[in-house]
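One structure is given here, and the rest of the page talks about it.
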Amino acid sequence: MQVILRDDVPNLGKIGDVVRVKPGYARNFLLPRGLAVEASGKNLRMLEHHKRIIGVKAEREQKTAEALAGKLDGLSVTIKANAGEGGRLFGSVTNLDVERLLAEKGFHVDRRRIGLDEPLKNLGTFPIVVQVGRTARATVQVTVEPA
């Protein structure tokens with residue numbers, strides 16, 4: 166029996182895959198839990214339609230992400246922080262602080278997309294990679310100055 170997966174199923178497939186399974190597995194597990202639908206002609210046509218729509222949306226999102234990455238690339242932002250002797254900060258600058266700085270400049274980027282491996286604890290200028298969309302990346306220069 167062929168079914169179209171509506172959700173990722175371990176050891177079987179991903180969303181939208183058409184897979185062949187035993188009828189009992191489909192009837193007793195996949196279909197009642199909403200993990201799959203029967204692969205009828207109508208459902209296959211609907212799947213193709215959804216794939217086309219998703220493709221158009223993904224293409225549009227990619228273009229917007231590339232445009233945003235183009236604006237962000239080379240951007241320089243400055244944050245003021247309390248520092249002690251030798252340029253060591255009393256706190257640290259985290260990706261949340263960088264997110265707030267970018268939001269003030271009009272760029273709304275999720276903090277989980279900001280490539281800051283560990284918080285900044287010194288004064289200076291640091292290049293930070295921001296993941297915009299699936300493939301687009303931008304490098305932002307963050308300067309930490311004493312308050």
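Residue numbers (the working numbering): 166 to 312.
Every residue, glycine too, gets a C-beta built ideally from N, C-alpha and C.
Only a predicted model underlies this, so the values are computations on that prediction, with no experimental measurement involved.
(request) Name, in chain order, the residues that DSSP records as bridge partners for Ser-205. (result) In DSSP, Ser-205 forms no bridge with anything.
(request) Report yes if the CB atom of Ala-204 is closer than 7 Å to the CB atom of Val-174, and no otherwise. (result) no
(request) Could you tell me how far apart the beta carbons of Gly-249 and Asn-287 are, in whole angstroms, since I believe they sit closer than 8 Å? (result) The pair is not a contact, with the Cβ atoms about 11 Å apart (cut-off 8 Å).
(message) Contact defined as beta carbons within less than 8 Å: I believe Leu-266 pairs with Val-242. What is the distance between those atoms, to the nearest angstrom?
(response) Contact between Leu-266 and Val-242 holds: CB atoms are separated by about 5 Å, below the 8 Å threshold.
(message) Between which residues of its own chain and Lys-187 is the CB-CB distance below 8 Å, once the five residues before and five after are set aside?
(response) Met-166
(request) Put Val-174 into one of helix, strand or coil per three-state DSSP. (result) strand
(message) Can you tell me which residues form a DSSP beta bridge with Asn-287?
(response) Arg-253
(request) Between the Cα of Glu-231 and those of Ala-312, Ala-191, Thr-304 and Pro-311, spot the shortest distance and give me the residue it belongs to. (result) Thr-304
(request) Tell me whether Ile-180 sits in a helix, a strand or coil according to DSSP, three-state version. (result) Looking at Ile-180 - three-state DSSP - the assignment turns out to be coil, as it is neither helix nor strand.
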